[in-house]
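The structure under discussion appears below in the form of structure tokens.
Chains as they are written, first to last, in our numbering: chain V, 420 to 549; chain W, 5 to 510.
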């Protein structure tokens with residue numbers, strides 16, 4: 420019983436710590452061209468590679484990868500990932516194209532808190548290229 | 005002349021009749037109290053019950069022995085066996101205090117001359133036994149056993165069960181040697197091979213298993229045979245050899261402290277060690293064995309197996325000479341020493357274990373290899389040097405290149421710009437190079453993976469396979485041990501050495 424209480428306390432502490440960390444810097448909505456820190460998932464189709472942000476939600480965004488950047492995404496197909504993404508062109512609604520990606524890594528999804536799980540964080544606002 | 009001979013016989017018999025013989029039984033600790041079986045039925049006995057029953061013929065027969073017992077305490081069925089089979093021996097529960105009291109009693113008797121030259125002490129130990137402690141604080145020569153204080157949950161350390169160290173027995177063996185009192189110790193606990201440290205030219209030690217192995221309790225196990233054969237054999241060496249041969253139901257490695265035994269054990273115990281281990285969840289010695297082994301494990305396995313095969317070949321090669329000697333001395337019917345079954349089982353288990361060893365090696369090597377550090381990076385450039393991609397080793401190994409290349413080749417390039425077509429070509433070049441590198445790493449480090457658990461989890465039937473083979477090898481290797489023992493015993497060097505096990509006549 421004593422162990423159970425300690426375990427519950429540790430679990431609550433861990434969950435609340437994660438939550439607190441994410442709470443400080445929540446993901447934002449897409450704000451036009453610029454450099455973003457993104458958390459999403461990589462998918463492929465006959466048309467190429469895509470990074471999908473906020474997948475299966477009302478605010479899902481899809482960014483197509485330039486062919487040149489595809490090998491960078493290869494290790495993350497169908498896997499939760501995060502990294503920097505540069506968007507230089509206007510997007511059409513929620514579908515667009517990014518110019519380049521960098522500092523890619525796998526991320527650990529947090530199913531308890533999907534809101535803070537995937538999304539955009541604007542690092543540098545830029546004008547869109549015409 | 006006849007009168008002289010008669011007097012000699014009478015003197016010898018009366019000397020033996022007056023020699024004091026002391027039998028001490030201790031142990032039965034570390035067992036759970038109020039335990040229940042799978043059906044919720046109370047378990048009132050202990051795993052020592054079979055061995056206790058097997059000991060009763062010897063206890064009945066040994067009328068001329070003084071007997072002392074400190075065994076178990078608190079398990080109704082075990083208490084009942086003790087009350088029925090050992091009714092004339094007073095018993096006290098096995099605690100640290102009772103253990104020290106027993107030692108003190110015999111220490112006193114040896115000091116004050118109650119026990120003197122020619123007398124004998126036979127100590128039988130049957131309890132849960134720990135591995136030998138070799139940490140910075142405590143360096144045991146022997147090992148510790150459980151008292152009845154608590155249950156022994158961890159079968160290697162027996163933590164919290166209340167331990168007493170058999171090192172304390174040195175107080176008896178040292179004094180006994182000085183006084184010429186013969187000592188026999190039979191340790192039937194797990195890791196009992198460590199107790200051989202008490203053996204010398206005056207003290208004979210028999211153990212049911214080696215220093216790194218578990219001992220077993222059942223109806224055909226070594227402890228049962230030891231206890232049964234005490235009633236039928238003449239001396240401790242005979243008890244040991246007969247019992248070792250007859251026990252078939254465990255994967256232990258019985259040991260003896262006689263000079264011959266030490267030589268045989270030095271020759272084969274270490275090389276046989278991993279083949280007597282198993283993966284079964286309650287007695288898993290193989291996972292720690294792989295985990296704690298350093299360096300190239302597969303290479304060590306190869307070397308070890310070569311050594312083992314060599315010993316087997318030596319025995320096969322020398323069997324005629326050895327058997328001729330035996331034929332001459334004991335009038336034996338010659339029989340081929342057949343090690344073919346042992347060789348087959350060893351080969352099966354070796355092939356199984358080396359496959360694991362190779363995978364564990366791959367797993368262990370990666371972090372220490374600068375070129376293959378899992379966190380390291382490898383860059384790939386397209387032939388026209390317009391594209392550079394850098395992958396971490398972990399990333400590289402996770403890519404499905406076949407699919408990547410096939411998808412890229414299937415892309416419809418008709419609607420693409422020239423630059424896009426160039427990029428597709430550059431990607432294919434990079435993917436092909438990266439694929440070759442990943443293949444090279446996987447070939448160099450077969451079974452490359454990121455956790456040791458995943459290495460072992462890929463061997464689905466490991467518990468069944470390892471348990472069956474370990475028991476088989478333990479039984480089949482007895483022929484090898486026997487043949488080596490006979491060969492070594494016949495050597496002049498061993499014949500001239502004192503043998504306290506042969507000298508300890510029951």
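Every residue gets a Cβ at the ideal spot worked out from N, C-alpha and C, and that includes glycine.
Starting from residue 505/W, follow the alpha helix (DSSP H) in both directions and report where the run begins and ends. 504-507
At which residues does the beta strand (DSSP E) containing residue 538/V begin and terminate? 538-544
If the criterion is Cβ atoms closer than 8 Å, does the pair residue 490/V and residue 435/W meet it? yes
Closer than 8 Å to chain V by CB, residue 424/W: At least one chain V Cβ lies under 8 Å of residue 424/W.
Complete alpha helix (DSSP H) runs within the stretch 383-432 of chain W (minimum length 4 residues, chain order): 397-402 and 405-414
Name, going along the chain, the residues of the stretch 484-514 of chain V whose beta-carbon falls closer than 7 Å to a beta-carbon of chain W. 486, 487, 489, 490, 491, 493 and 494
Terminal residues of the alpha helix (DSSP H) in which residue 499/W lies: 496-499
Contact check, residue 430/W vs residue 390/W under 8 Å by CB: the rounded distance? So it is a contact: roughly 6 Å between Cβ atoms.
Quick check on DSSP: helix, strand or coil for residue 23/W? coil
For the stretch 456-468 of chain V, enumerate the residues whose C-beta is nearer than 8 Å to any C-beta of chain W, in chain order. 463, 465 and 467
Does the Cβ of residue 473/V have 16 or more other Cβ atoms within 10 Å, making it buried, or fewer, making it exposed? buried
Contact list for residue 206/W against chain V, beta-carbon separation under 7 Å: Per Cβ cutoff of 7 Å: no residues; residue 206/W is ~51 Å from chain V at best.
What residues match up with residue 524/V in a beta bridge as DSSP calls it? 501/V
Over what stretch of residues does the beta strand (DSSP E) that includes residue 207/W continue unbroken? Residue 207/W -> beta strand (DSSP E) spans 207-211.
Which runs of the beta strand (DSSP E), 3 residues or longer, sit entirely within the stretch 187-256 of chain W? 207-211
For residue 110/W, the first and last residue of its enclosing alpha helix (DSSP H): Boundaries of the alpha helix (DSSP H) harbouring residue 110/W: 100-115, taken from the DSSP string.
Is the Cβ-Cβ distance between residue 28/W and residue 125/W less than 8 Å? yes
What do you get for residue 22/W, buried or exposed, if any count of 16 or more other CB atoms within 10 angstroms of its CB means buried? Exposed is the call here.
Using 10 angstroms around the beta-carbon of residue 546/W, count the other beta-carbons present and answer buried if the total reaches 16, otherwise exposed. Because chain W is modelled from 5 through 510, residue 546/W falls outside the range shown and cannot be assessed.
CA nearest to the CA of residue 352/W, picked from 51/W, 476/W and 34/W: Considering only alpha carbons, the answer is 476/W.
First through last residue of the alpha helix (DSSP H) which encompasses residue 491/V: 489-492
To which residues of the same chain is residue 224/W closer than 7 Å at the C-beta, ignoring the five residues directly before and after it? Cβ neighbours of residue 224/W beyond the five flanking positions: 251, 252 and 253.
May I ask you to list, following chain order, the residues of the stretch 148-171 of chain W that have a beta carbon less than 9 Å from some beta carbon of chain V? If you check each beta-carbon in the stretch 148-171 of chain W against every beta-carbon of chain V, none falls closer than 9 Å.
Which residues does DSSP list as the beta-bridge partners of residue 39/W? 47/W
Buried or exposed (CB count within 10 angstroms, at least 16 for buried), residue 522/V: exposed
Integer Cβ distance of residue 144/W from residue 153/W, believed to fall under 8 Å: With a Cβ gap of about 19 Å, residue 144/W and residue 153/W do not count as contacting.
Counting C-beta neighbours from all protein chains within 10 Å, is the total for residue 275/W 16 or more, i.e. buried, or is it exposed? buried
Could you list which residues in chain V have their beta carbon closer than 9 Å to that of residue 519/W, in chain order? What the structure shows of chain W is the stretch from 5 to 510, and residue 519/W is not part of that stretch, so it cannot be assessed.
Starting from the beta carbon of residue 431/W, find every residue of chain V whose beta carbon is closer than 7 Å, and list them in chain order. 486, 489 and 490
In chain V, which residues lie with their C-beta within 9 Å of the C-beta of residue 408/W? 463, 489, 490, 493 and 496
Please classify residue 164/W: does DSSP put it in a helix, a strand, or coil? coil
What would DSSP say about residue 281/W, mapped onto helix, strand or coil? coil
Distance, Cα to Cα, residue 401/W vs residue 100/W? 57 Å
In chain order, what residues of the same chain have a beta carbon less than 7 Å from the beta carbon of residue 547/V, not counting five sequence neighbours either side? 451, 452, 507, 508 and 509
Beta-carbon of residue 444/W versus every beta-carbon of chain V: anything under 8 Å? Answer no: the Cβ-Cβ gap between residue 444/W and chain V never drops below 8 Å.
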